[in-house]
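Working notes, beginning with the structure itself.
Residue numbers (the numbering used here), protein chains in the order written: chain S, 665 to 1003; chain P, 24 to 351.
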């Protein structure tokens, strides 16, 4: 029981409960199965990206370029399927492959040239995005194939509400769930997953990781490759959701994704963070934004609310860490001084 | 003895860095001249270069100071936008009355300083990592800016205010004078004052600095406030030059401030970086950007080129630091 109160996730969950109660009191429409499935479907895009970002943060890195990667994958995929046709598998595989390639490019910059991940990915963000806009001319793609539309409208589980309208879980939500399950298994039960936590836990001194026989190149390639893979997936999911492909619709949203993951307790220092926390973080963001809409708060206030929540959350976990560290430092100080 | 030699070689290294930057300036000048033989050295182009550089320069100085502490300030541009909007609102509410200009200027600088203080408090007292603290602050500030402007442009300032961004002093653009004075001030502060010494020490080894009796939190907060103030100054130049303020001006500037700092020799791990290097780097970037502009290169292509140059500079730095280690 005591352990539960030490977990960051518990507090995020409590925040979600309180927020939900407040919103329901103001607008009862919030607490309905229909609204739940709406949120589940529309947050699949952000949720998939958040899972990828979690893995990057756990490994001790950060990626600011994933929105550009998602856009490049999405756009090239859309051009291909409108010109040459194809099917959903081709659409996904193409976008995913592009994502993996671009993600691994980040890993190469970070690993071989020892460039801090923030700097490397600020650079690659602008290269990917700039080149995409130049070569696409910023054109939107409206006419996607009908099979692409049909796939988006397929419901995995469906219900009908009182007035007869159909609602339920869309295919994009199923893809999100598959991603969640796969990455949970990976992080928890595979050697690679534990290695990612170990590398992140080493902090800046990566020599500790290499001395235990970890191949940092492989870990980096995998982590940033996975981020690219999931960005590619999310790109297709976004195209499925909105049914138009705009080269400028995703870039600039990277903060929302990072916010969700950080809200869920992942630390930028690496080594910490869980899928449960990340999902709660996404849920908190989703409920916050949905709640603001249902409470008829102007959408101008959305960023203000998100900003406050992020700052509060990172402050809370920083203070928590500091307390832990303060107990630890009594023991470690003499050793530090002599060393 | 070896220590003295070490210091000497380090001094040489620094001078070498500036020599290299000078050579690059001459190189890109010749290159851009060759690409635009008739237009590059025209008065109009040189003048527009001198008008464009200051706002970026002020923002980059703010970025550099934080990078010297070993952090990064992702909120430089959003701080400037908010400060600019506040100044614009003050001037608008007075209905074009010139007497309100000083109030607007003070308001912008005050807002920027408060934002800097908040960033500094988060990093120093609360212990949030600089990336997260300033990322969160960036979202919050963008949000406040959107709430204040409802996403619209605020425009129409008193004529006297436009002098800040468009005036000329002794043939030199007023914003350039402001930037050069600020750069000299920051350079003096960093290289000749106790604060500067503490700043470099903090960036090199925070634990050692703490144990030598320096109040690390105070230094951190001071540097974030300074960074905020520089964003505030940039805001004044920016809104005066555009004669308007908006929540999303200068979106591509963040990349360029990082690029200018890194190209000017600021270490992303903290502890190194000088104002002179930054100014030289800015001159290089301005020459390249104006040259590309004359060639009518797409603005997004320019953005991609900035990204490539950033990666290139980091790769060169990596090989240089490896060579240095090998010599030892």
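In this text, a Cβ means the ideal position worked out from N, Cα and C, and glycines have one as well.
Delimiting residues of the beta strand (DSSP E) encompassing residue i
i	result
residue 821 (chain S)	819-824
Residue from the options whose Cα sits closest to the Cα of residue i
i	options	result
residue 762 (chain S)	S:792, S:783, S:772 and S:778	S:792
residue 225 (chain P)	P:317, P:325 and P:93	P:93
residue 858 (chain S)	S:928, S:923, S:938 and S:952	S:938
residue 801 (chain S)	P:344, P:49, P:324 and P:111	P:324
residue 127 (chain P)	P:147, P:48 and P:260	P:260
residue 99 (chain P)	P:280, P:151 and P:167	P:280
residue 914 (chain S)	S:736, S:705, S:721 and S:694	S:736
residue 908 (chain S)	S:700, S:713, S:746 and S:707	S:746
residue 276 (chain P)	S:786, S:811 and S:754	S:786
residue 843 (chain S)	S:891, S:823 and S:879	S:891
residue 352 (chain P)	P:39, P:40 and P:53	What the structure shows of chain P is the stretch from 24 to 351, and residue 352 (chain P) is not part of that stretch, so it cannot be assessed.
residue 689 (chain S)	S:902, S:944, S:744 and S:958	S:958
residue 271 (chain P)	P:89, P:328, P:222 and P:167	P:167
residue 307 (chain P)	P:296, P:329 and P:290	P:329
residue 303 (chain P)	P:178, P:80 and P:114	P:80
residue 741 (chain S)	S:910, S:683, S:845 and S:713	S:910
residue 789 (chain S)	P:334, P:348, P:339 and P:190	P:334
residue 312 (chain P)	P:109, P:56 and P:129	P:56
residue 851 (chain S)	S:718, S:866, S:675 and S:986	S:718
residue 847 (chain S)	S:700, S:714 and S:696	S:714
residue 265 (chain P)	P:182, P:58 and P:289	P:182
First and last residue of the uninterrupted alpha helix (DSSP H) at residue i
i	result
residue 831 (chain S)	No alpha helix (DSSP H) contains residue 831 (chain S), which is instead part of the beta strand (DSSP E) from 830-834.
residue 254 (chain P)	239-265
residue 76 (chain P)	66-91
residue 217 (chain P)	217-227
residue 908 (chain S)	Segment: none, residue 908 (chain S) is in no alpha helix (DSSP H) and carries neither H nor E.
residue 181 (chain P)	Taken as a continuous stretch (DSSP letters only), residue 181 (chain P) belongs to no alpha helix (DSSP H), as it is neither H nor E.
residue 115 (chain P)	99-116
residue 744 (chain S)	730-748
residue 875 (chain S)	871-875
residue 309 (chain P)	298-317
residue 186 (chain P)	186-189
residue 60 (chain P)	No alpha helix (DSSP H) holds residue 60 (chain P); DSSP gives it neither H nor E.
residue 785 (chain S)	781-800
Presumed contact (8 Å Cβ cut-off) between residue i and residue j, rounded CB distance
i	j	result
residue 91 (chain P)	residue 293 (chain P)	6 Å
residue 926 (chain S)	residue 155 (chain P)	6 Å
residue 337 (chain P)	residue 783 (chain S)	6 Å
residue 258 (chain P)	residue 107 (chain P)	4 Å
residue 710 (chain S)	residue 887 (chain S)	That pair is no contact at about 20 Å.
residue 973 (chain S)	residue 944 (chain S)	About 13 Å separates the two Cβ atoms, so there is no contact after all.
Contact set for residue i: own chain, Cβ-Cβ below 6 Å, skip 5 residues either direction
i	result
residue 73 (chain P)	196 and 199
residue 904 (chain S)	816 and 836
residue 153 (chain P)	94, 95 and 146
residue 176 (chain P)	267 and 269
residue 169 (chain P)	270
Cut-off 7 Å between Cβ atoms - residues of its own chain near residue i, not counting five sequence neighbours on either side
i	result
residue 672 (chain S)	929, 941 and 981
residue 883 (chain S)	723, 859, 860 and 863
residue 996 (chain S)	The pLDDT assigned to residue 996 (chain S) is 39, lower than 50, so where the model puts this residue is not dependable; a value taken from the coordinates is nonetheless given after this. Around residue 996 (chain S): no qualifying Cβ.
residue 1001 (chain S)	With a pLDDT of only 37 at residue 1001 (chain S), under 50, the local geometry of the prediction cannot be trusted, and the value read off the model is given with reservation. So the list is empty, once near-sequence residues are dropped.
residue 889 (chain S)	764, 767, 768 and 771
Own chain, CB closer than 8 Å to residue i, minus 5 neighbours either side, in chain order
i	result
residue 825 (chain S)	698 and 831
residue 893 (chain S)	716, 760, 763, 764 and 767
residue 86 (chain P)	95, 96, 99, 250, 280, 281, 283 and 284
residue 963 (chain S)	956 and 957
residue 880 (chain S)	775, 863, 870, 873 and 874
residue 683 (chain S)	948, 951, 952 and 955
Classification of residue i by the beta-carbon crowding that lies within 10 angstroms, buried from 16 upward
i	result
residue 804 (chain S)	exposed
residue 269 (chain P)	buried
residue 6 (chain P)	Residue 6 (chain P) lies beyond the stretch modelled for chain P, which goes from 24 to 351, so this question has no answer here.
residue 820 (chain S)	exposed
residue 202 (chain P)	buried
residue 42 (chain P)	exposed
residue 142 (chain P)	buried
residue 998 (chain S)	With a pLDDT of 39 at residue 998 (chain S), under the threshold of 50, the predicted position of this residue should be treated as unreliable, though the coordinate-derived value follows. It is exposed - the Cβ of residue 998 (chain S) has fewer than 16 other Cβ atoms within 10 Å.
residue 77 (chain P)	buried
residue 829 (chain S)	exposed
residue 184 (chain P)	buried
residue 65 (chain P)	exposed
residue 102 (chain P)	buried
residue 827 (chain S)	exposed
residue 727 (chain S)	buried
residue 712 (chain S)	buried
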